[in-house]
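Enquirer:
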Amino acid sequence: MSRRINFINPFGSSVYDELIKKTLGHFCAADTVMEVTHLDACPPDIDFFYSKHMIEQSLYESVMVSEEQGYDAVIVGCLYDPGVRVARELVDIPVIGPLEASFQMAAYYGHSTMVLTDHRKAVPYLYDEAQRNGQGNSVRGVDAIDWFVKDMINDRAAVARDVVKLSREAANRFGAETVIMGCTIIAAIYQEYLMDGGEPSEVPIINPNLMALKMAEGLADLKQKGGYFIARQGYYMKPTGHFADEFARARKVWNSNKPDFSA
Numbered sequence: 027m028s029r030r031i032n033f034i035n036p037f038g039s040s041v042y043d044e045l046i047k048k049t050l051g052h053f054c055a056a057d058t059v060m061e062v063t064h065l066d067a068c069p070p071d072i073d074f075f076y077s078k079h080m081i082e083q084s085l086y087e088s089v090m091v092s093e094e095q096g097y098d099a100v101i102v103g104c105l106y107d108p109g110v111r112v113a114r115e116l117v118d119i120p121v122i123g124p125l126e127a128s129f130q131m132a133a134y135y136g137h138s139t140m141v142l143t144d145h146r147k148a149v150p151y152l153y154d155e156a157q158r159n160g161q162g163n164s165v166r167g168v169d170a171i172d173w174f175v176k177d178m179i180n181d182r183a184a185v186a187r188d189v190v191k192l193s194r195e196a197a198n199r200f201g202a203e204t205v206i207m208g209c210t211i212i213a214a215i216y217q218e219y220l221m222d223g224g225e226p227s228e229v230p231i232i233n234p235n236l237m238a239l240k241m242a243e244g245l246a247d248l249k250q251k252g253g254y255f256i257a258r259q260g261y262y263m264k265p266t267g268h269f270a271d272e273f274a275r276a277r278k279v280w281n282s283n284k285p286d287f288s289a
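Take the numbering used here: the final residue in the sequence shown is number 289, and no numbers are missing along the way.
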């Protein structure tokens with residue numbers, strides 16, 4: 027059974043697309059068509075929360091268009107899982123967040139884990155997400171390698187060296203058996219390093235891109251076979267009646283007044 031998956035890089039930039047294609051494409055099942063896209067009408071980076079909220083507005087439209095274009099699942103390619111829960115209100119296809127997927131898959135790699143993210147600002151956010159996802163003591167902590175995304179893409183070798191060194195040190199410090207790579211771009215850079223023959227970390231590293239891909243493939247299969255449908259009576263209730271009309275008007279206004287960040 028074939029499936030189409032849209033891996034959306036939630037950035038107003040194409041600079042990360044090829045890296046994701048290169049490092050994730052060969053993990054796809056033989057009958058998976060994975061496309062990597064990015065957003066427009068939003069900031070190029072998601073490092074700060076104001077930009078994150080602006081990006082989410084553009085993301086919702088991209089997720090809805092993905093369903094309209096026949097995709098079977100969508101991956102939102104950032105460990106903040108930006109807009110993932112809201113997007114599930116809007117579409118019936120599975121919407122996958124890499125952080126949520128990594129938390130759910132981590133137990134298959136070891137008894138405990140930790141998140142090694144990109145920069146210090148992300149640390150408390152991801153710690154809160156671990157609690158919200160009900161991870162309890164299985165997530166032992168969150169640390170950072172102190173890189174911002176737009177910098178790391180230009181010095182991938184240094185990023186990979188830091189991943190190998192700091193994953194071991196952080197896992198030992200927190201008493202964790204595995205490490206979730208807490209940024210999709212860091213994970214892709216580390217995967218590229220391994221593909222080029224680099225020595226892997228001594229600690230098992232959970233690649234969130236891969237976790238999201240495999241969850242997307244599985245849920246897409248279930249959706250096609252009638253084994254997946256999302257609850258609409260509570261949190262993910264869709265707007266109906268006059269609320270649906272209000273939503274349609276809001277979407278039309280957004281699409282006719284998209285901001286321009288190209289300058």
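All residues carry an ideal CB built from backbone N, CA and C; glycine is no exception. The structure presented is a predicted model; accordingly, all values stated were derived computationally and were not measured.
From S288 to N281, what distance separates their C-alpha atoms?
Expert: In the sequence shown, the residue the question calls residue 288 occupies position 262. In the sequence shown, the residue the question calls residue 281 occupies position 255. When rounded, the distance between both Cα atoms is 17 Å.
Enquirer: In whole angstroms, what separates the C-alpha of S164 from that of E203?
Expert: Taking the sequence shown and counting its residues from 1, one reaches residue 164 at position 138. Taking the sequence shown and counting its residues from 1, one reaches residue 203 at position 177. Looking at the two C-alpha atoms, the distance is approximately 10 Å.
Enquirer: In its own chain, which residues sit with a C-beta less than 7 Å from the C-beta of S92, not counting the 5 before and 5 after it?
Expert: Residue mapping note: residue 92 aligns to position 66 of the sequence shown, counting from 1. Here the set comprises N32 and V100.
Enquirer: Roughly how many angstroms lie between the CA atoms of G150 and L142, to the nearest whole one?
Expert: Start at 1 with the first residue of the sequence shown, and residue 150 comes out as number 124. Start at 1 with the first residue of the sequence shown, and residue 142 comes out as number 116. The residue asked about is misnamed: residue 150 is Pro in this sequence, not Gly. Looking at the two C-alpha atoms, the distance is approximately 12 Å.
Enquirer: Along the chain, where does the alpha helix (DSSP H) that runs through V110 open and close?
Expert: The count along the sequence shown starts at 1 and reaches residue 110 at position 84. Looking at the DSSP string, the run of the alpha helix (DSSP H) that includes V110 is V110 to L116.
Enquirer: Who are the Cβ neighbours of N159 in its own chain at under 7 Å, not counting the five residues just before and after it?
Expert: Taking the first residue of the sequence shown as position 1, residue 159 is located at position 133. For N159, where only same-chain residues beyond five positions count, the Cβ hits under 7 Å are E126 and F129.
Enquirer: Considering F75, what are the terminal residues of the alpha helix (DSSP H) in which it resides?
Expert: For the purposes of this step, residue 75 is taken as the residue at position 49 of the sequence shown. Where F75 is concerned, the enclosing alpha helix (DSSP H) stretches over F75 to E94.
Enquirer: Shortest alpha-carbon distance to D222 belongs to which of D144, V175, T49 and V41?
Expert: Stepping through the sequence shown from its first residue, residue 222 is reached at position 196. Nearest of D144, V175, T49 and V41 to D222, Cα basis: T49.
Enquirer: Once DSSP output is grouped into helix, strand and coil, what is the label at N233?
Expert: For this step, residue 233 is matched to residue 207 along the sequence shown. The answer is coil: DSSP assigns N233 none of H, G, I, E or B.
Enquirer: Roughly how many whole angstroms lie between the Cα atoms of I206 and T139?
Expert: On the sequence shown, position 180 is the one that residue 206 refers to. On the sequence shown, position 113 is the one that residue 139 refers to. When rounded, the distance between both Cα atoms is 7 Å.
Enquirer: Rounded to whole angstroms, what's the CA-CA distance from G267 to R111? Just pull it up for me.
Expert: Here residue 267 refers to the residue found at position 241 of the sequence shown. Here residue 111 refers to the residue found at position 85 of the sequence shown. Approximately 22 Å, taken between the alpha carbons.
Enquirer: Could you name the residues that DSSP lists as bridge partners for L142?
Expert: Here residue 142 refers to the residue found at position 116 of the sequence shown. According to DSSP, L142 bridges with D169 and M207.
Enquirer: Taking all protein chains shown into account, do 16 or more other C-beta atoms lie within 10 angstroms of the C-beta of M27, making it buried, or fewer, making it exposed?
Expert: Here residue 27 is taken as the residue at index 1 of the sequence shown, counted from 1. M27 should be labelled exposed.
Enquirer: Only counting the same chain, and skipping five residues up and downstream in sequence, which positions put a Cβ closer than 8 Å to that of D286?
Expert: Within the sequence shown, the letter at position 260 stands for residue 286. Around D286: A67.
Enquirer: Output the distance between the C-alpha atoms of G201 and L248, rounded to the nearest integer angstrom.
Expert: Looking up residue 201 in the sequence shown gives position 175. Looking up residue 248 in the sequence shown gives position 222. When rounded, the distance between both Cα atoms is 36 Å.
Enquirer: Hey, how far is the Cα of G208 from the Cα of F269?
Expert: The residue labelled residue 208 in the question sits at position 182 within the sequence shown. The residue labelled residue 269 in the question sits at position 243 within the sequence shown. The alpha-carbon atoms of G208 and F269 are separated by roughly 37 Å.
Enquirer: Suppose you measure from the CA of I46 to the CA of K264; what does that come to, to the nearest Å?
Expert: Against the sequence shown, residue 46 aligns to sequence position 20. Against the sequence shown, residue 264 aligns to sequence position 238. Distance between the alpha carbons of I46 and K264: 32 Å.
Enquirer: Hey, out of R29, P70 and K284, whose CA is closest to V59's CA?
Expert: In the sequence shown, residue 59 corresponds to position 33, counting from 1. Minimum Cα distance to V59 is reached at R29.
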